[in-house]
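A.B. asks: Numbering of the sequence shown is given in our numbering, commencing with residue -4 and proceeding in unit increments.
Below: one structure in structure tokens.
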Amino acid sequence: MSIELISSLEADVRYFAADRFFPDHKFKEFLGRQMDAKEIVSFDCCLYEMHEIESQDSPLSPDTQQIIAVILRPDLEPVGYMEARGFTFCGYDLVEEETLISAITDYGGGFDSIPYEKLTEFGLLPTYKDAVLTQLALVEEESDEPHAYCTVCEVWRKLV
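Below is the structure:
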């Protein structure tokens, strides 16, 4: 793959310097459902401190713990070049774009349409198909709830 092509593909990736989030009993009580994730990696701005950075090579503050890479409205398959750059694929999030709040992690388990039993070790949906089917179910089953109208996000992370 040429450098020009990779650069144009990367234009769709947004990078964030972020803290890490390990769910405690309070979070699990708030969620009201069983989530087996030992660590949550999400595009939810309410879970941890996140600051958008220009690229994965941007200077980071000393307290940055990870870089989150997010692709809004991704293709069917995870983008392979992210792995080559040292990122780990974490799964798919469903995020309300206006507020950057995840339907998976920030609604107290209020959406029955989310298959919590399928979530990855990072608390995200494992496949694009699962994300789209859940997105459609949210709109159909929770149509009165404005937070049910979410965008599929592909989420990667690199520990620093």
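Built from N, CA and C at the ideal position, the CB exists for glycine as well.
Over what stretch of residues does the alpha helix (DSSP H) that includes Asp125 continue unbroken?
C.D. replies: Element bounds for Asp125: 123 to 136.
A.B. asks: Counting C-beta neighbours from all protein chains within 10 Å, is the total for Ser37 16 or more, i.e. buried, or is it exposed?
C.D. replies: Under this definition Ser37 is a buried residue.
A.B. asks: Taking the C-alpha atoms as reference points, what is the distance between Asp101 and Val147?
C.D. replies: So the two alpha carbons sit approximately 15 Å from each other.
A.B. asks: Please list, in chain order, all residues of the same chain as Arg9 whose beta carbon is under 6 Å from its beta carbon, the five residues on each side excluded.
C.D. replies: The answer, listed in chain order, is Val65.
A.B. asks: Are there 16 or more other CB atoms within 10 angstroms of the CB of Asp125, so buried, or fewer, so exposed?
C.D. replies: Buried is the call here.
A.B. asks: What do you reckon, are the CB atoms on Thr83 and His142 nearer than 9 Å?
C.D. replies: No, they are not a contact pair.
A.B. asks: By Cβ distance, which residues of its chain are closer than 6 Å to Met45, with the 5 residues on each side in sequence left out?
C.D. replies: Taken in chain order, the residues that qualify are Phe11, Ala13.
A.B. asks: Bridge partners for Glu149 per DSSP, in chain order?
C.D. replies: Glu149 is bridged to Ile66, Tyr87.
A.B. asks: Helix, strand or coil, according to DSSP, for Phe16 in the structure here?
C.D. replies: Residue state, collapsed to three classes: strand.
A.B. asks: Give me, in chain order, the residues of the same chain whose beta-carbon lies closer than 7 Å to that of Leu61; leave out the 5 immediate sequence neighbours on both sides.
C.D. replies: The sequence shown places Gln at residue 61, not Leu. The answer, listed in chain order, is Ala13, Arg15, Arg152, Lys153, Leu154, Val155.
A.B. asks: Straight-line CA distance for Phe106 to Ala98?
C.D. replies: Their backbone Cα atoms lie some 8 Å apart in a straight line.
A.B. asks: Ser108 and Leu133 look like a contact to me (Cβ under 8 Å); what is the Cβ gap, rounded to whole Å?
C.D. replies: Yes, they are in contact, since the Cβ atoms of Ser108 and Leu133 sit about 5 Å apart, within 8 Å.
A.B. asks: When the distance is taken between beta carbons, is Tyr123 closer than 9 Å to Tyr76?
C.D. replies: Cβ atoms of Tyr76 and Tyr123: not closer than 9 Å.
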